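Novice: Residue numbers (the UniProt record's numbering): 1 to 331. From the three backbone atoms N, C-alpha and C, an ideal C-beta is built for every residue, glycine too. Values in this document were obtained by computation on a predicted structure and should not be read as measured data.
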């Protein structure tokens with residue numbers, strides 16, 4: 001039988017209102033410009049659906065995107081990634097605003113021996129995207145846990161804590177300049193993504209361009225900069241809106257350490273808004289067609305909220321193949 005006939009034999013409609021088609025993870029090709037989800041289909045399959053099927057909500061906007069979600073519930077989000085049931089609060093992260101519980105349901109806390117070290121983002125029911133540099137000094141994988149569905153980290157229960165089976169640091173990560181500063185964590189069991197407090201963020205399209213867009217970063221990092229690293233993390237989740245700038249402007253401010261695989265945001269004359277110590281690995285999310293996409297992963301910067309000193313993020317759209325390969329290999 002021809003390979004095309006075999007492929008068609010294994011395709012069927014997704015079990016959701018996405019109007020999509022289930023395709024095999026190995027060999028199935030989702031058309032350019034479509035979205036995809038690792039939910040709503042059977043074992044070793046994913047749902048490929050038109051980007052126009054995504055419902056809009058009331059947060060800030062942007063370009064079409066390829067998404068990756070394992071949202072298994074229906075709820076008020078209709079089973080989509082990148083949707084929060086909680087309205088955005090007014091515009092600590094430096095210069096940030098206290099987040100409402102469930103406002104950023106993809107935000108997670110990465111803890112090493114129960115101490116918050118970094119942020120991360122749920123991109124699937126067993127997968128967290130974060131920064132490679134969070135593991136520079138890390139030891140045994142079993143010492144890592146992930147806190148999900150949190151706002152106040154003091155109100156953490158056993159149901160919020162997930163153990164980690166694998167940490168995948170990018171094979172070509174360079175500590176010296178944070179090149180390829182991305183890592184994935186695989187959780188020991190699936191997160192319930194039908195809960196309003198735990199959702200997956202969407203992944204962007206390969207050609208996603210967020211330049212000049214107002215995006216949002218969130219985290220439990222320090223609300224002020226301490227050059228010796230002594231500023232404590234906050235117990236409450238904070239967020240701040242920042243504007244994405246071009247890489248050429250970012251190089252003007254920071255020099256040639258900016259790669260095409262970076263995305264920069266937050267350079268202003270007044271400063272005062274930025275990620276800081278403890279926010280590393282957390283999400284920079286941008287709104288596109290009514291859903292929030294993981295545009296960047298908090299990587300590095302000079303100080304926190306300094307004038308004309310943008311924050312530097314890992315550009316997630318440059319790593320879609322790497323992410324998919326890890327998920328396919330370690331499903």
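Would you kindly check if the distance between the Cβ of residue 160 and the Cβ of residue 174 is under 8 Å?
Specialist: No, Cβ-Cβ distance for residue 174 and residue 160 is not below 8 Å.
Novice: To the nearest angstrom, how far is it from the Cα of residue 50 to the Cα of residue 20?
Specialist: Distance between the alpha carbons of residue 50 and residue 20: 7 Å.
Novice: Counting along the chain, where does the beta strand (DSSP E) carrying residue 198 start and finish?
Specialist: No beta strand (DSSP E) holds residue 198; DSSP gives it neither H nor E.
Novice: Output the boundary residues of the beta strand (DSSP E) element that contains residue 235.
Specialist: Premise fails: residue 235 is in no beta strand (DSSP E) and is neither H nor E.
Novice: Just the Cα atoms here: how many angstroms apart are residue 238 and residue 23?
Specialist: Spanning the two alpha carbons is a distance of roughly 38 Å.
Novice: Assign residue 317 to one of three DSSP states: helix, strand, or coil.
Specialist: In this structure, residue 317 counts as helix in the three-state DSSP scheme.
Novice: Grab me the residues of residue 199's own chain with a C-beta within less than 8 Å of its C-beta, minus the 5 sequence neighbours each way, in chain order.
Specialist: These residues qualify, in order along the chain: 71, 77, 81, 82, 83, 84, 105, 106, 122 and 193.
Novice: Measuring alpha carbon to alpha carbon, tell me which residue in 100, 301, 310 and 302 is nearest residue 196.
Specialist: Checking every option, the nearest Cα to that of residue 196 belongs to 100.
Novice: Going by C-alpha to C-alpha distance, which of 301, 113 and 30 sits closest to residue 255?
Specialist: The candidate whose alpha carbon is nearest that of residue 255 is 301.
Novice: By a C-beta neighbour count over all protein chains shown, 10 Å radius and 16 as the cutoff for buried, is residue 287 buried or exposed?
Specialist: With 16 or more Cβ atoms within 10 Å of its Cβ, residue 287 is classed as buried.
Novice: Between the alpha carbons of residue 167 and residue 135, how many angstroms are there, rounded?
Specialist: Roughly 9 Å between the two C-alpha positions.
Novice: Could you give the distance in angstroms between the alpha-carbon of residue 250 and the alpha-carbon of residue 264?
Specialist: Near 6 Å, if we compare the C-alpha coordinates of residue 264 and residue 250.
Novice: Can you give the beta carbon distance from residue 217 to residue 298, rounded, assuming they're within the 8 Å contact cut?
Specialist: Confirmed, about 7 Å.
Novice: Compute the distance between the beta-carbons of residue 243 and residue 285, then report whether it is under 8 Å.
Specialist: Cβ distance not < 8 Å, so residue 243 and residue 285 don't count as in contact.
Novice: Kindly identify the DSSP beta-bridge partner or partners of residue 262.
Specialist: DSSP output for residue 262 lists 314 as bridge partner(s).
Novice: Measure the C-alpha to C-alpha separation of residue 331 and residue 13 and round it to an integer number of angstroms.
Specialist: Using only the alpha carbons, I get a separation of about 22 Å.
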